[in-house]
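Trainee:
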RNA sequence: GGCCCUAUCGUCUAGCGGUUAGGACAUCGGGUUCUCAUCCCGAUAACUGGAGUUCGAUUCUCCAUGGGGUCACCA
C-alpha cells in the first residue's frame, strides 16, 4: 500500500474562501486518517492577480483554523520548493519533453487575433475555442521563430476523436470527448506555467496520491488526464468536492452575497472549532449520525467516497447553532481568552470574570458580547413607557421603585441572597404582580427587556449604580 | 447555448428492492423560569415527473424537468 499524500494548493490572489478551507480540511483529514502527509503548496503563477502578502496570509489562516501541514512553505520537505514561482525551471524542462514528443506546440497568435477569432465564433453562435491556427506550423520553423525572439505560448496538442475517461471517487467514471477540449495554453508568454501544467507536474513530482479539490475543476480534469498520459505518468485518484451554495441555495457562494473569506468568519466571532465542525457535516454524515464532533472523531471516520456529490447550501442558521454549542463548552478561561478581542474599549475590565458566566449561554457569536453587555456601563436609554408596562398605574410603579430603593439602601450586605430574598419578600408582601414588578426592575436597572438573571446582574452592577439607576427611573416618572 | 455533474422535509443528511421513510438545524406549540437564553417534551414537514426492470421500487435503467459547475496566456 502506497503512502497517502494529499495537498491543498491555494493561490495568493486574495483571502481564502470558506469553501477552500473546507476542502483543505478534507485533504488534511484523509491524509491523517491514513497516516499519510498533507502538503501545502502555493500556486502563484498568476503574477497579475497576486496580492501583497498573500503567501503569508494563507499560512496564517490555516493556523488560525487550528490546522497544519506536513510539507510546504515554512516547513520544507523533500519535494520542495513548495511555491510554484520557485519551480519555473522544472516546468520549462518538462514542457520541453512535451514539445519533443509532439504532445504540445508553439503558438504565436497575438491576443488580438485570439480575440477576433473568439468574436467571430460568438457571432456564429459557436462555442468559443482556439482555432488551432499554429498547430500546423512545422516544428523546425517554430523553433526558428522562437530563436528569433518571437513571442509565444505553448499549447497542449489535444488528440482528436478520442474519449477521455477518469474516475472520480464520488461519482464514478466521467467521460469527455476530446473534440470538445481546447488546445489549452500550458506555458504563458511570460514564461510562467498555467495552472493546468503546473498542477500536473507538481502533483506527480510531489507524489500526490489523492487529488481532492472543488467540483469546479471537473471540466478541466480531462486536460490534466491528457497531460498525465502525454508525460507517461500514472493518473492519481480524483475526488471533486461539491461547492458551497449561498445560504438561500441559489448559486455558488460568492462575495456578492456576503462575506465568504475564511478569515471573515473568525473575525465575526465564529469559533474555528465550530467552523471546522460545520465543514465536516456539510455534505457528509458520520455513521452514528451525530453532528457535533471533534477533529479527532472526524479524522477517524472521514472518507471522501462517502461525501454527497450534490452541492450544498451554506446554512448560516446551523452554523450559528453549532457556534453556540461550542461557546457553551468553553471553560471560563477559554472563553475569556477567545472573547478578549471582541470586548469594547469602554467595558469595565474588572467586571469581566463576573459578566462572562452571565452571558455565555446567550452568545451566538463572540461578537455578541457588546450587545449583551453594554448596559453594564454607560448611559441607559429607554422609553419611559417601558417602566409602566403591565402596571395598573404610574403611582404603583413609583411606589414600587421607592420601596425597592429603601430596601436596597438598608440592606445589611450586598449579597445575592440578601438582595434576592429581600426583593422577593417585598413583592410577596405587597402582592405586586410578579412579572410586572420584575420587568420594571429589569428595565430600570438595565434599560433592556432581555438580560441575564436580574439579581445576578444587579450584583455585578454594584449597589451604587443600581440605586442611581432606580432613582433615574423614578425621575422619569415624576 | 455546448459539455459535465446532480436530485429524500425549508436546509444538511440516514436509507444502499419490502421501513409507520429516521436524525439534526430552522419553524410552530408546551414545560422549567423574573425577561432572554440554556435545558426538556411535542408537532408540522420530503422521496421532482413520466416510462421501464421487478412479485414489489425512494432505492436499478432511460427520458423529461429542476438545480449546480464549466467554457481565459485566472486559479
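In our numbering, the protein residues as written are 310 to 787. Where a beta carbon is used, it is the ideal one built from N, C-alpha and C, also for glycine. In this text the structure is predicted, and so the values were computed from the model without any measurement.
Can you have a look at residue 372 and say buried or exposed, based on whether 16 or more other CB atoms are within 10 angstroms of its CB?
Mentor: So residue 372 ends up on the exposed side.
Trainee: Is the beta carbon of residue 713 closer than 8 Å to that of residue 685?
Mentor: No, Cβ-Cβ distance for residue 685 and residue 713 is not below 8 Å.
Trainee: Taking residue 783 as the reference, give the member of 642, 767, 752, 763 with the closest Cα.
Mentor: For residue 783, the nearest C-alpha among the options comes from 752.
Trainee: Taking the DSSP output, what are the residues bridged to residue 340?
Mentor: The partner list for residue 340 (beta bridge, DSSP) is empty, contrary to what the question assumes.
Trainee: Run through the DSSP bridge pairs and tell me what residue 516 is partnered with.
Mentor: Its beta-bridge partners do not exist; DSSP assigns none.
Trainee: Taking the alpha-carbon of residue 419 as reference, which of 462, 411, 328, 431 has the nearest alpha-carbon?
Mentor: Ranking the options by Cα distance to residue 419, first place goes to 462.
Trainee: Output the distance between the C-alpha atoms of residue 652 and residue 683, rounded to the nearest integer angstrom.
Mentor: When rounded, the distance between both Cα atoms is 10 Å.
Trainee: Looking only at DSSP bridge pairs, what is residue 416 linked to?
Mentor: Residue 416 pairs with 462.
Trainee: Do the segment 734–745 and the segment 688–705 touch if we need at least three Cβ pairs shorter than 8 Å?
Mentor: Output reads yes: the segment 688–705 touches the segment 734–745.
Trainee: Just to confirm the assignment: which complete alpha helix (DSSP H) runs, minimum length 4, are found wholly within the segment 718–759?
Mentor: Those alpha helix (DSSP H) runs which fall completely within the segment 718–759 and span 4+ residues are 725–739, 743–755.
Trainee: If residue 388 sits next to residue 516, beta carbons under 8 Å apart, how far is it from one beta carbon to the other, in whole angstroms?
Mentor: 7 Å between Cβ atoms; contact.
Trainee: Which same chain residues end up closer than 7 Å to residue 618 when comparing Cβ atoms and leaving out the 5 residues on each side of it in sequence?
Mentor: Answer for residue 618: 479, 480, 551, listed in chain order.
Trainee: From this set, 787, 313, 759, which residue's C-alpha is nearest residue 520's C-alpha?
Mentor: Of the candidates 787, 313, 759, the one whose C-alpha sits nearest the C-alpha of residue 520 is 313.
Trainee: Roughly how many angstroms lie between the CA atoms of residue 398 and residue 360, to the nearest whole one?
Mentor: If I take the Cα positions, the gap works out to 23 Å.
Trainee: To which residues of the same chain is residue 621 closer than 7 Å at the C-beta, ignoring the five residues directly before and after it?
Mentor: Cβ within range, chain order: 551, 553, 554, 591, 592.
Trainee: I want to check one thing, is the minimum distance from the CB of residue 740 to the heavy atoms of the ligand MG below 7 Å?
Mentor: As presented, the structure is devoid of all ligands, the ligand MG included, so that no description of it is given.
Trainee: Just to confirm my understanding: we take residue 440, look at its own chain, exclude 5 residues before and 5 after, and list those with CB closer than 7 Å. What are they?
Mentor: Cβ neighbours of residue 440 beyond the five flanking positions: 426.
Trainee: From residue 575 to residue 335, what does the alpha carbon distance come to, in whole angstroms?
Mentor: Those two C-alpha atoms are separated by around 19 Å.
Trainee: Which of the three DSSP states, helix, strand or coil, is assigned to residue 570?
Mentor: The answer is strand: DSSP assigns residue 570 an E or B state.
Trainee: Compare the C-alpha of residue 769 against each of 734, 786, 668 and name the closest.
Mentor: Looking at the Cα atoms, 668 is the closest of the given residues.
Trainee: Rounded to whole angstroms, what's the CA-CA distance from residue 548 to residue 601? Just pull it up for me.
Mentor: Straight-line Cα distance between these residues: approximately 25 Å.
Trainee: Could you check the C-alpha separation between residue 534 and residue 544 for me, to the nearest Å?
Mentor: Approximately 7 Å between the Cα atoms of the pair.
Trainee: Return yes when the Cβ of residue 750 is within less than 8 Å of the Cβ of residue 735, no when it is not.
Mentor: Cβ atoms of residue 735 and residue 750: not closer than 8 Å.
Trainee: With DSSP run on the structure shown, which of helix, strand or coil describes residue 477?
Mentor: Note: residue 477 maps to strand in three-state DSSP.
Trainee: Assess contact between the segment 448–463 and the segment 379–386, defined as three or more Cβ pairs (one per stretch) separated by less than 8 Å. Is contact present?
Mentor: In short, these stretches do not touch, since the Cβ pair count stays below three.
Trainee: Restricting to Cα atoms, I'd like to know which of 672, 608, 580 is closest to residue 374.
Mentor: Taking only the C-alpha atoms, the option nearest residue 374 is 580.
Trainee: So, helix, strand or coil for residue 561, using DSSP?
Mentor: Reduced to three states, the DSSP call for residue 561 is strand.
Trainee: Pull up the DSSP beta-bridge partners for residue 489, would you.
Mentor: DSSP lists no partner for residue 489.
Trainee: Quick check: the Cα distance between residue 414 and residue 489, rounded to an integer number of angstroms?
Mentor: For residue 414 and residue 489, the distance between alpha carbons rounds to 18 Å.
Trainee: Determine the extent of the beta strand (DSSP E) in which residue 533 is found, giving its start and end residues.
Mentor: It is not in any beta strand (DSSP E) - residue 533 instead sits in the alpha helix (DSSP H) that spans 530–540.
Trainee: From the DSSP output, in three-state form, read off residue 777 for me.
Mentor: Reduced to three states, the DSSP call for residue 777 is helix.
Trainee: Based on the DSSP secondary-structure assignment, which residues constitute the bridge partners of residue 621?
Mentor: Paired residues: 553.
Trainee: Note down the Cα distance separating residue 597 from residue 773, rounded to an integer number of angstroms.
Mentor: Their backbone Cα atoms lie some 54 Å apart in a straight line.
Trainee: Excluding sequence positions up to five away, which residues of its chain have a Cβ less than 6 Å from the Cβ of residue 679?
Mentor: Same-chain partners within the cutoff: 653.
Trainee: For residue 571 versus residue 327, is the C-beta distance shorter than 8 Å?
Mentor: Taking 8 Å as the Cβ cut-off, residue 571 and residue 327 qualify as a contacting pair.
Trainee: Relative to the C-alpha of residue 496, which residue among 408, 454, 642 is closest?
Mentor: Among 408, 454, 642, the Cα nearest to that of residue 496 belongs to 408.
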